[in-house]
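Each remark here refers to the structure printed beneath this line.
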Amino acid sequence: MKACIMCGGAGTRLRPLTFKHPKPSIPILNKPSVRHLIEHLSREGFNEIVMTLGYMGERIEEQLGDGHMFGVHIDYVYEKEKLGTAGGVKNAEKYLKNEPFIVLGGDHVLNLDLREMYRFHEANDALITIGLLSIDDPREFGIADMDINNRIHRFLEKPKSGQIFSNLASTGIYICDPEIFNWIPENKKYDFAKDLFPALLAADKKINGMLVRGKWTDVGSSAAYRQAQRWMLDALPGTTIEGNFTTRNARIRGPLSIGNNVSIGSNSSLVGPIVIGENTVIGDSVLIGPYSVIGANCTIENNAKILSSYLFDGVSIGKNSNISGAVVADETAVGEECNLENGTVIGHKVVIGDNSTIHSGIKIWPEVVIEKNSSIKETVVNPAYDTTYEGS
Ligand SMILES: CC(=O)N[C@H]1[C@@H](OP(=O)(O)OP(=O)(O)OC[C@H]2O[C@@H](n3ccc(=O)[nH]c3=O)[C@H](O)[C@@H]2O)O[C@H](CO)[C@@H](O)[C@@H]1O
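Once you know that position 200 of the sequence shown is 818 in this note's numbering, the rest is easy, because the numbers rise by one and skip nothing.
Okay, here's the thing in structure tokens:
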């Protein structure tokens, strides 16, 4: 079965993380998030995949190659200019002819039964089947009004407060009949939700909805990112320790996954679920609490506390520092006695001087240097980083 993964967006809401990683490459359990999606598609039997690429697309292609590592074949199609969701899929038409195919976002994290959705589409005569979830506040989504026979009669993209006629939100997962290509203009910005669905509904063409069950999120914001990591951590099968691992009297409670060559000092305590990447060095009396992911080649010095936080590769944390509910991107160096409060997001290669506090919810852009003894209460940007690339 065929799948098309849309990866053209710039991930602006996930800045500063997306200055280094395109959204589908942001690590979840130390792997690019789209790898989890491809592994799921492979398990479900979708083994011919085409990816539509835009912002930092080469990085995604480099990480995934031809897909053989995941038991799939991957083709790549680049968008020279932004084509929107449906326009991007149209650009990949030559790979998607002849049979129904599934469309997903490269930022989707899920455990849904996609084969069931595909079978449902095949058994019902619609041009497109939209995966729907019931969501309390669907303002960030497209919403659909569906009858008892699953036919959608109304669709509205990102409704405002007074316009929410339904709680059925589109997951942005579609099973499409190749006939949809006749409805999408070539080389023109065109969206599924804003352009194609209204056009099909106006022409009385059949769009179905299917209520999907299970976990799904798109990693569009740092809150959704945290949620996605939590789900994946909850699904850790048990405790796995790869290859060399040294510890002196650490107390370890799983589930956890520890990479090769990790060392943990004496009197440290690890309480799972936790993932730690290879070659990471953890000092003495360090506490790593549940729902933390630490990348490869990190250094955590004595008496530091890491609670519900995500450290990417090559991060160092100084003595006595507290990192709580934070996301810290690659190669950032946090000094001694620092506090990173809940919801802080720190870009790559930032240097945070000793005895500094980054207050709750604050973002620091890449390569910024924070002086010692600072108390940062407002986002710190780095003008060297281009913000002209628009799009979600
Ligand atoms: C217009 C549209 O389809 N809206 C849907 C989209 O909104 P949402 O606002 O999430 O749509 P995004 O703009 O994030 O785009 C969705 C996906 O398409 C990709 N992309 C986007 C633009 C582009 O030019 N090229 C490209 O490849 C993005 O990388 C992303 O993976 O998903 C929601 C579920 O998450 C649905 O409820 C919305 O109905």
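Don't be surprised by glycine CBs; every beta carbon is placed ideally from N, CA and C. Quick caveat, the model's predicted, so the values are computed rather than measured.
| Asked | Found |
| --- | --- |
| Range of the contiguous alpha helix (DSSP H) that encloses residue 694 | Residue 694 -> not in any alpha helix (DSSP H); beta strand (DSSP E) instead, spanning 691-696. |
| Cβ pair residue 940, residue 957 closer than 7 Å | yes |
| Where residue 844 sits in the DSSP three-state scheme | helix |
| Contact between the region 684-696 and the region 795-802 (3+ Cβ pairs under 8 Å) | no |
| Length of the line joining the Cα atoms of residue 849 and residue 813 | 33 Å |
| Classification of residue 987 by the beta-carbon crowding that lies within 10 angstroms, buried from 16 upward | exposed |
| DSSP bridge partner residues for residue 871 (one or two, in chain order) | 889 |
| Whole-angstrom C-beta distance between residue 927 and residue 910, which should lie under 8 Å | 5 Å |
| Residue 859 in three-state terms, based on DSSP | strand |
| Residue 702 vs residue 809 beta-carbon contact at 7 Å | yes |
| Residue 809 Cβ short of 6 Å to ligand 1 heavy atom set | yes |
| Counted within 10 angstroms of its Cβ, other Cβ atoms place residue 697 as buried (16 or more) or exposed | buried |
| Cα-Cα separation between residue 864 and residue 965, rounded to whole angstroms | 30 Å |
| Nearest-angstrom Cα separation, counted from residue 887 out to residue 937 | 15 Å |
| Selected residue, minimal CA-CA separation from residue 915, among 753, 676, 898, 1003 | 898 |
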